[in-house]
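Asker: Residue numbers (our numbering), protein chains in the order written: chain A, 1 to 186; chain B, 1001 to 1186; chain C, 2001 to 2186; chain D, 3001 to 3186; chain E, 4001 to 4186; chain F, 5001 to 5186.
By construction, the Cβ of each residue, glycine as well, lies at the ideal position given by its N, Cα and C atoms.
I'd like to ask you about the structure that follows.
Protein chains: 6
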Amino acid sequence: MLARVLRRSLGDAGSRSSRCGYASKMTHTDEETGEARMVSVTTKAETHRRAQAQGRIVLSKEAFAVLEANELHTAKGNALVVAQIAGIQAAKTTSQLIPLCHPLMLGLIDVRLALNKATSSVDCKTTVETKGSTGVEMEALTATSVALLTVYDMCKAIDKHMVMQDIRVIEKQGGKSGDWQWAPHQ
Amino acid sequence: MLARVLRRSLGDAGSRSSRCGYASKMTHTDEETGEARMVSVTTKAETHRRAQAQGRIVLSKEAFAVLEANELHTAKGNALVVAQIAGIQAAKTTSQLIPLCHPLMLGLIDVRLALNKATSSVDCKTTVETKGSTGVEMEALTATSVALLTVYDMCKAIDKHMVMQDIRVIEKQGGKSGDWQWAPHQ
Amino acid sequence: MLARVLRRSLGDAGSRSSRCGYASKMTHTDEETGEARMVSVTTKAETHRRAQAQGRIVLSKEAFAVLEANELHTAKGNALVVAQIAGIQAAKTTSQLIPLCHPLMLGLIDVRLALNKATSSVDCKTTVETKGSTGVEMEALTATSVALLTVYDMCKAIDKHMVMQDIRVIEKQGGKSGDWQWAPHQ
Amino acid sequence: MLARVLRRSLGDAGSRSSRCGYASKMTHTDEETGEARMVSVTTKAETHRRAQAQGRIVLSKEAFAVLEANELHTAKGNALVVAQIAGIQAAKTTSQLIPLCHPLMLGLIDVRLALNKATSSVDCKTTVETKGSTGVEMEALTATSVALLTVYDMCKAIDKHMVMQDIRVIEKQGGKSGDWQWAPHQ
Amino acid sequence: MLARVLRRSLGDAGSRSSRCGYASKMTHTDEETGEARMVSVTTKAETHRRAQAQGRIVLSKEAFAVLEANELHTAKGNALVVAQIAGIQAAKTTSQLIPLCHPLMLGLIDVRLALNKATSSVDCKTTVETKGSTGVEMEALTATSVALLTVYDMCKAIDKHMVMQDIRVIEKQGGKSGDWQWAPHQ
Amino acid sequence: MLARVLRRSLGDAGSRSSRCGYASKMTHTDEETGEARMVSVTTKAETHRRAQAQGRIVLSKEAFAVLEANELHTAKGNALVVAQIAGIQAAKTTSQLIPLCHPLMLGLIDVRLALNKATSSVDCKTTVETKGSTGVEMEALTATSVALLTVYDMCKAIDKHMVMQDIRVIEKQGGKSGDWQWAPHQ
């Protein structure tokens, strides 16, 4: 076993116990070796689960005006529609992007983008739902991130200084841990 | 043509000229219709190109301590290695994730993650190089985003309040626009 | 919300009501904004579902003869076998190709190709089955289309004039809408 | 060698020569065995290449009216924009869908969809360009097919009787065979 | 039907019966034609299933020493961690790699790699679990193969003579056929 | 930098020098930290490169007879054709499967499978060619492995005891290291 080889080479039984104290909380690493492990969900019940994530990309005044003009004049909002589709597609590839993420059959992926003049940003909010045995926060976060990256791609000829900010899970329902809402770190 | 249908339905020649003023800068939308378009790079010369992006994910003190412990005791740093590999793999799938992005043969993808105690965060910096006809900033940004998402996935059992911040391109070399470095929006 | 931004910019409450009349039938667009939306299937029951699609690619006499010869002499029918495998694989990637399509676990994908001398064509018929919460007509259509595209690829050195025709769903079982069979538009 | 096994089992030297007459034209099958083979392009020169494909999906009057309404009232044309993005993305995955297709770096993918009242259809025309060693007709056809499949997906709640028609390559430039335009089979 | 065409061209009713005797056991080929077919699992019950596979890659003494040194000194074991992640990701793509394999939602993928001094090899053992309607031996084998290929990739600058050996399923639980353990062919 | 963090935590300058002696040969790990790194190929010349790999899967007498019967009677060899196509497709996804592998435009992928009665096995030999800046041995090995896995999948209802053996690169041409042929480890 790799675990054994590593432990032997470290010869470090003392520190191990304290590490385990932590590692038992970090579900994606093996308690003994700290190695990455997928969590088994085979015996977990399938329940309705839902997660919401959000984030934003801050644009220069010029880039914001261009997006707004594209929006108002043609009312087609294409840059945002392309970003929305990219986000939806990305949610479906989450388990291929995030190594220890389980594949899941998603029942809903709802990606919404809006221009926010106050912050000169495009804001994205994503809701994902499933009936499955693990949560869908990674899918919501991945969709949000890729939608924002797509906005960057479409505007980068005008503004290379854009910054993506505040990408986080804001709400979660279902599953063992029950309902949950984001609050800042203490 | 869809373009014509749309314009006719809008009957809005006046606003069109001002829109075009902007749209000619927004390379991914058609000047006339505002529709999303891929930019042709068929006749652009292949030159050496390089881009760097960075970003960070802010953790609670507890989650940070767990990552640090995993690092120090086993020196395996697996959470970070998994994130690094995820970032590298994501860079290669950029054109599948970002709709109007051209496929590119990447010559180098270098994703580095480090624990930053001062900000209680995992910081990620990615360098991508190619010999090709378009830049690689989207690849560098995508790798960075997915590496940070992977850190979220691995730590989410301890801390759901993590926030991804300041994801941006910091440097670019090669191509028509020459060398470039990030500076804040004025 | 983007919806609100768009509606405001249109200032067009009158036309909205008539649009909604239609949009409520077009399940993939938001009733209020006309924006693309994925339909939620999280609470739909999992039932046995089945769909059949078909289509054909019309070949020149020469290309048809070559395919037939390959068939008769070696009895390997490789061009058709390659197309069959391509169709099966494509069915599994449907949700990655069609943006608002839900991922589904397919229980059966049966792609059959046959030479049809009367029409100088390769005819393809695909059956897909699942136990799931949405129908599988997109999977059957996608498999059929990709199988025919593969025939094009294999014969294009002899005949570039091939045309794909009559690709459609011919039958559907299961789900809320019950059994259904194709009939021409009135 | 499989070739030998097969030939032996057929014991059919006579028919072989005539088959070869054909097979030498069918570049994707081995001359001797009729087996599927990828064509080597390693030593072919990289030249500018371009291909155009088109096709259409015929809708019921009702479905056509819904698409048109979505188009005219919101001027967002989302169903068509989603189909356009799906087509662009599909072009990039062509070599993964079509087994004997070479991967290629595409320089341009331009997918255009338009409502055609005369034929009650959505018409799609795709242009693909590359600087590479093989043609891009498969990419143009694949983008067109997937764009039309996406229209089917978005309208199928109103009309299951839609039929995809006349999907074909209409024009090709560059490469050894030079410029070419579609004409009907004689 | 292709089946009929083929049979007719073979004119070989006599041999057919004996072939069918076999083919009925080979579940992935059509009984009549020998053509490849996906097995339908739509009506099979979803049960807990588990499979284990293993294999090894034999290294030169020099390459083994390098891997061991990387292991012992930094205790990071990166070559093995990268291979482990590659194996986990590959398990999730099994149905895209193996044409007649059904997609499955995997509940656990556990890939372990260890240095084996006695055989100068890296040994890999993979366990996969699902609650589904077909077995997971292909997923376990695919993960094992790709993990070993990754070791080859990382060590090939030192040793091109590496050989992958003894890749096989060693254990299977669940499903109609019940528990099973590998034993050599008689 | 992670490198620094790790080194500091190990406090192990002495052992570092010996590790570096090795690591400089192992091109996919950072010399200082042992961390996985992609090798930069941006400035390497594009030359013609070619690699051959082979391997085999050993079957029970019964499974071998079934495959042979399928081969001889229908002369369709479908199990082998499916495996061949799977191998070709897998070669194109190599850089997605092997984390530190560069994407490459492959000019030729030739996968051949043959029944070998002497060893009761299916033997696979793959040739891959490219004009590129890195070698193609990983593509040849991946195609071979996936072709053999596909044989396993198609025969597993008859024989679960199959074993894959001797998968290795046998020949390599082009690139800095020149021509090379496999020989056993000394």
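(1) Should T3043 (chain D) be labelled buried (16 or more other beta-carbon atoms within 10 Å of its own) or exposed?
(2) Would you identify the three-state DSSP class for D1159 (chain B), choosing helix, strand or coil?
(3) If you measure from the beta carbon of S3133 (chain D) to each beta carbon in chain C, is any gap under 9 Å?
(4) Among residues of its own chain, excluding the 5 on either side of E5171 (chain F), which ones have a beta-carbon nearer than 6 Å to its beta-carbon?
(5) State the Cα-Cα distance for the pair F2064 (chain C) and E1129 (chain B), rounded to the nearest angstrom.
(6) Are the beta-carbon atoms belonging to L1148 (chain B) and M1164 (chain B) less than 9 Å from one another?
(7) Using the Cα positions of I5167 (chain F) and T5144 (chain F), report the straight-line distance between them to the nearest angstrom.
(8) Tell me where the alpha helix (DSSP H) around A4086 (chain E) begins and ends.
(9) Quick one: is E4035 (chain E) near chain F, going by C-beta distance under 9 Å?
(10) Could you pull the start and end residues of the beta strand (DSSP E) that K4044 (chain E) belongs to?
(11) Buried or exposed: which applies to I3099 (chain D), given that a residue is buried once 16 or more other Cβ atoms fall within 10 Å of its Cβ?
(12) For K2131 (chain C), list the residues DSSP reports as bridge partners.
(13) Alpha carbons only, please: which of D:K3160, D:E3035 and D:I3088 is nearest the one belonging to V3197 (chain D)?
(14) Counting only the same chain and skipping the five closest in sequence on each side, list residues whose C-beta sits under 6 Å from that of L80 (chain A).
(15) Ignore the nearest five residues each way along the sequence and tell me which others in S121 (chain A)'s own chain have a CB closer than 7 Å to its CB.
(16) Using beta carbons (cut-off 9 Å, strictly below), is K5061 (chain F) in contact with chain D?
(17) Using a Cβ-Cβ cut-off of 6 Å (strictly less than) and excluding sequence neighbours within five positions of M162 (chain A), which residues of its own chain qualify?
(18) Which chain C residues are close to T3150 (chain D), counting only those with a beta carbon under 7 Å from its beta carbon?
(19) Look at V2041 (chain C) and A3036 (chain D) and say whether their C-beta atoms are less than 9 Å apart.
(20) Quick check on M3164 (chain D): does DSSP put it in helix, strand or coil?
(21) Can you give me the Cβ contacts of H1185 (chain B) inside the same chain, cut-off strictly under 7 Å, excluding the 5 residues immediately before and after it?
(22) Below 9 Å between beta carbons is the criterion; list the residues of the segment 4117 to 4148 of chain E that meet it against any residue of chain F, in chain order.
(23) So which residues of chain C does I5109 (chain F) contact, with C-beta pairs closer than 7 Å?
(24) Return no unless some Cβ of chain C is closer than 9 Å to the Cβ of P4103 (chain E).
(25) Among the residues of its own chain, which have a CB less than 8 Å from the CB of C4155 (chain E), if the five just before and after it don't count?
(26) Comparing alpha-carbon positions, which option in D:G3175, D:K3131, D:V3039 and D:D3159 lies nearest K3061 (chain D)?
(27) So, are the CB atoms of E5109 (chain F) and A5086 (chain F) less than 9 Å apart?
(28) Who are I57 (chain A)'s beta bridge partners in DSSP?
(29) Grab me the residues of M5138 (chain F)'s own chain with a C-beta within less than 7 Å of its C-beta, minus the 5 sequence neighbours each way, in chain order.
(30) With burial defined as no fewer than 16 other Cβ atoms inside 10 Å of the residue's Cβ, what is the status of A1069 (chain B): buried or exposed?
(31) Quick one: Cα of V4039 (chain E) to Cα of G2107 (chain C), how far?
(32) Is E1171 (chain B) close to chain F? Criterion is C-beta to C-beta, closer than 9 Å.
(33) By how many angstroms is the C-alpha of Q5084 (chain F) removed from the C-alpha of G5175 (chain F)?
(34) With DSSP run on the structure shown, which of helix, strand or coil describes K4176 (chain E)?
(35) Can you tell me whether D5123 (chain F) is buried or exposed, with buried defined as 16 or more other CB within 10 angstroms of its CB?
(36) Going by C-alpha distance, which of D:K3125, D:G3132, D:N3116 and D:T3119 is nearest L3104 (chain D)?
Answerer: Let me lay it out:
(1) Position 43 of the fourth sequence holds residue 3043 (chain D). T3043 (chain D) is exposed by the Cβ-count criterion.
(2) Position 159 of the second sequence, counted from the start, is the residue given in the question as residue 1159 (chain B). Three-state result, D1159 (chain B): coil.
(3) In the fourth sequence, counting from the first residue as 1, residue 3133 (chain D) sits at position 133. S3133 (chain D) does not count as touching chain C.
(4) As a position in the sixth sequence, residue 5171 (chain F) is number 171, starting the count at 1. Taken in chain order, the residues that qualify are Q5052 and Q5181.
(5) Start at 1 with the first residue of the third sequence, and residue 2064 (chain C) comes out as number 64. Start at 1 with the first residue of the second sequence, and residue 1129 (chain B) comes out as number 129. Roughly 47 Å between the two C-alpha positions.
(6) In the second sequence, residue 1148 (chain B) corresponds to position 148, counting from 1. In the second sequence, residue 1164 (chain B) corresponds to position 164, counting from 1. A contact, by the Cβ cut-off of 9 Å.
(7) The sequence position of residue 5167 (chain F) within the sixth sequence is 167, counting from 1. The sequence position of residue 5144 (chain F) within the sixth sequence is 144, counting from 1. The straight-line gap from Cα to Cα measures roughly 8 Å.
(8) As a working mapping, residue 4086 (chain E) is identified with position 86 in the fifth sequence. First-last of the alpha helix (DSSP H) with A4086 (chain E): N4078 to K4092.
(9) Position 35 of the fifth sequence, counted from the start, is the residue given in the question as residue 4035 (chain E). Yes, contact with chain F.
(10) On the fifth sequence, position 44 is the one that residue 4044 (chain E) refers to. Note, K4044 (chain E): premise wrong, no beta strand (DSSP E); not H, not E.
(11) Working through the fourth sequence from its first residue, we reach residue 3099 (chain D) at position 99. In the sequence as displayed, the identity of residue 3099 (chain D) is Pro instead of Ile. Label assigned to P3099 (chain D): buried.
(12) On the third sequence, position 131 is the one that residue 2131 (chain C) refers to. According to DSSP, which records beta bridges pairwise, K2131 (chain C) is partnered with C:H2048.
(13) Missing from the structure shown is residue 3197 (chain D); chain D here goes from 3001 to 3186 and no further.
(14) Locating residue 80 (chain A) in the first sequence gives position 80, counting from the first residue. These residues qualify, in order along the chain: L113.
(15) Here residue 121 (chain A) corresponds to residue number 121 of the first sequence, with the count starting at 1. Within the same chain, and ignoring the five residues on either side of S121 (chain A) in sequence, the residues whose Cβ sits closer than 7 Å to its Cβ are R56, I57, V58 and L59.
(16) The sequence position of residue 5061 (chain F) within the sixth sequence is 61, counting from 1. By this cut-off, K5061 (chain F) is not an interface position.
(17) Position 162 of the first sequence holds residue 162 (chain A). Once the five neighbours on either side are set aside, the close Cβ partners of M162 (chain A) are I57, L59 and Y152.
(18) Position 150 of the fourth sequence, counting from 1, holds the residue named residue 3150 (chain D). Those are I2098 and P2099, listed as they occur along chain C.
(19) The residue given as residue 2041 (chain C) occupies position 41 in the third sequence. The residue given as residue 3036 (chain D) occupies position 36 in the fourth sequence. No, the Cβ-Cβ distance between V2041 (chain C) and A3036 (chain D) is not below 9 Å.
(20) Sequence index remark: in the fourth sequence, residue 3164 (chain D) carries index 164 (1-based). Reduced to three states, the DSSP call for M3164 (chain D) is strand.
(21) Counted from its first residue, the second sequence places residue 1185 (chain B) at position 185. If the five residues before and after H1185 (chain B) are omitted, its C-beta is found closer than 7 Å to no C-beta atom of its own chain.
(22) S4120, G4135, E4137, M4138, L4141, T4142, S4145, V4146 and L4148
(23) Taking the sixth sequence and counting its residues from 1, one reaches residue 5109 (chain F) at position 109. Those do not exist, as I5109 (chain F) stays about 13 Å from chain C at its closest Cβ, beyond 7 Å.
(24) Counting from one through the fifth sequence, the residue named residue 4103 (chain E) turns up at place 103. Put simply, the CB of P4103 (chain E) is near chain C, with a gap under 9 Å to one of its CB atoms.
(25) Counting from 1 along the fifth sequence, the entry for residue 4155 (chain E) is found at position 155. Within the same chain, C4155 (chain E) has close Cβ partners L4059, A4063, V4066, L4067, A4079 and M4162.
(26) Taking the first residue of the fourth sequence as 1, we reach residue 3061 (chain D) at position 61. It is D:D3159.
(27) Your numbering for residue 5109 (chain F) matches position 109 in the sixth sequence. Your numbering for residue 5086 (chain F) matches position 86 in the sixth sequence. Correcting the residue identity first, residue 5109 (chain F) is Ile in this sequence and not Glu. The answer is no: Cβ separation not under 9 Å.
(28) Against the first sequence, residue 57 (chain A) aligns to sequence position 57. In the DSSP output, where bridge partners are listed per residue, I57 (chain A) has A:V122 and A:M164.
(29) Residue numbering aside, residue 5138 (chain F) sits at position 138 when the sixth sequence is read from its first letter. Counting only Cβ-Cβ distances below 7 Å, and skipping sequence neighbours, we find T5094, I5098 and C5101.
(30) Against the second sequence, residue 1069 (chain B) aligns to sequence position 69. Under the 10 Å beta carbon count, A1069 (chain B) is surrounded by 16 or more other beta carbons and is classified as buried.
(31) The residue given as residue 4039 (chain E) occupies position 39 in the fifth sequence. The residue given as residue 2107 (chain C) occupies position 107 in the third sequence. A straight-line Cα-Cα distance of about 8 Å links V4039 (chain E) and G2107 (chain C).
(32) Here residue 1171 (chain B) is taken as the residue at index 171 of the second sequence, counted from 1. Output row for E1171 (chain B): interface = no.
(33) For this step, residue 5175 (chain F) is matched to residue 175 along the sixth sequence. For this step, residue 5084 (chain F) is matched to residue 84 along the sixth sequence. When rounded, the distance between both Cα atoms is 27 Å.
(34) The residue given as residue 4176 (chain E) occupies position 176 in the fifth sequence. K4176 (chain E): coil per DSSP, three-state reduction.
(35) By one-based count along the sixth sequence, residue 5123 (chain F) stands at place 123. Around the Cβ of D5123 (chain F), a 10 Å sphere holds 16 or more other Cβ atoms; the residue is buried.
(36) On the fourth sequence, position 104 is the one that residue 3104 (chain D) refers to. Looking only at D:K3125, D:G3132, D:N3116 and D:T3119, the smallest Cα-Cα distance to L3104 (chain D) is reached by D:G3132.
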